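Peer 1: Quick note: the sequence shown uses my numbering, first residue 17, plus one each step.
Every residue, glycine too, gets a C-beta built ideally from N, C-alpha and C.
Fair warning: this is a prediction, and the values are worked out from it, not measured in the lab.
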Amino acid sequence: MLTNFSVDKFSSRHIGISKNDQIEMLKQLKLNSLDELIDKTIPQNIRIKEPLKLDKPMTEFELINHFRDVAKRNKLYKTYIGQGYYSTILPAVIQRNILENPGWYTQYTPYQAEISQGRLEALLNFQTVITDLTGFSLANASLLDEAT
Numbered sequence: 017m018l019t020n021f022s023v024d025k026f027s028s029r030h031i032g033i034s035k036n037d038q039i040e041m042l043k044q045l046k047l048n049s050l051d052e053l054i055d056k057t058i059p060q061n062i063r064i065k066e067p068l069k070l071d072k073p074m075t076e077f078e079l080i081n082h083f084r085d086v087a088k089r090n091k092l093y094k095t096y097i098g099q100g101y102y103s104t105i106l107p108a109v110i111q112r113n114i115l116e117n118p119g120w121y122t123q124y125t126p127y128q129a130e131i132s133q134g135r136l137e138a139l140l141n142f143q144t145v146i147t148d149l150t151g152f153s154l155a156n157a158s159l160l161d162e163a164t
């Protein structure tokens, strides 16, 4: 439970525009009401015909506590997501090449075709291994994911 927060409803941050501002905006659009705005902008065939079945409204404070309660129900399982490279031996010549060539550690796709081909080949090999290991018919890889 959150105890460091005020129990106010935080409404001062979420009031929105004033009635006068709303009238002025509608006037600029040459409309008389929000209903008219909706009628002119949202097609009938995509509108919901009946009211949504929603739980009672919550204050921001209540919502944060609700999310914390839901999060407590999560079960923690052993993860096999990359646990770092701490036990990996990296030869100095390769480390130097990586540090000297920003193409290895920037998020930008290199423009030289000869460099791009090597990176694209590595991605293709990665995708092939993933499809072989998982049995999936396809796998995805991104130029932005090479670090992991």
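List in chain order: all unbroken alpha helix (DSSP H) runs of 4+ residues lying wholly within the region 62-117.
Peer 2: The qualifying runs are 76-88 and 108-116.
Peer 1: Going by the CB atoms, is the gap between residue 144 and residue 154 shorter than 8 Å?
Peer 2: No; because the gap between Cβ atoms is not below 8 Å, this pair is not in contact.
Peer 1: Which first and last residues belong to the alpha helix (DSSP H) in which residue 38 is found?
Peer 2: Its alpha helix (DSSP H) spans residues 35-44.
Peer 1: Does DSSP classify residue 154 as helix, strand or coil?
Peer 2: Residue 154: coil per DSSP, three-state reduction.
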